[in-house]
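> Attaching a single structure in structure tokens format; questions to follow.
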């Protein structure tokens, strides 16, 4: 009974605090996860994708086309990509998140096995 209460509390906390990394297809027992991050609009997402592509094109061109009209502001594009990357990194939480998730999965599997 105590395990069920603990499991319920931990799952609720996980649902509230761990919103960037979600189990694929809502399957908590899976090995694959989906990542989400905030954008302000569909256009913001499109600009992010565009900036990522421009940075990749620029990196691969190795100075061949310094005046490429598609990449008018390369420093700005790199800066925006780096800004988005910083939004993706949950500093200081990684080890804690992995340990808690592992414990929750073990508890949940134990509960499933005990209820059979």
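In this note's numbering, the protein residues as written are 18 to 133.
For each residue, glycine too, the CB sits at the ideal point set by N, CA and C.
I believe residue 41 touches residue 49 by the beta-carbon criterion, under 8 Å. Please report the beta-carbon distance rounded to the nearest angstrom.
Indeed they touch by this definition, with Cβ atoms about 4 Å apart.
> Is it true that the stretch 90-106 meets the stretch 64-77, where meeting means three or more beta-carbon pairs spaced less than 8 Å apart?
As far as the Cβ criterion goes, the stretch 90-106 touches the stretch 64-77, which means the pair count is three or higher.
> Is it buried or exposed for residue 102, if we count other Cβ within 10 angstroms and need 16 for buried?
Exposed, since its Cβ has fewer than 16 Cβ neighbours within 10 Å.
> Please classify residue 129 as buried or exposed, where buried requires at least 16 neighbouring CB atoms within 10 angstroms.
By the 10 Å Cβ count, residue 129 comes out exposed.
> Would DSSP call residue 56 helix, strand or coil?
Residue 56 falls in the coil class under three-state DSSP.
> State the Cα-Cα distance for the pair residue 87 and residue 63, rounded to the nearest angstrom.
So the alpha carbons of these two residues sit roughly 15 Å apart.
> Taking residue 31 as the reference, give the member of 19, 132, 113 with the closest Cα.
Nearest C-alpha to residue 31: 113.
> Give the DSSP-derived three-state secondary structure of residue 123 in the structure shown.
Three-state result, residue 123: helix.
> Which whole-angstrom value is the C-beta distance of residue 55 and residue 19, which I expect to be below 8 Å?
About 37 Å; that fails the 8 Å criterion.
> Could you check how far apart the C-beta atoms of residue 28 and residue 120 are, in whole angstroms? I think they sit under 8 Å.
That pair is no contact at about 11 Å.
> With a threshold of 7 Å between beta carbons, is residue 88 in contact with chain C?
Absent here is chain C; the protein component of the structure consists of one chain.
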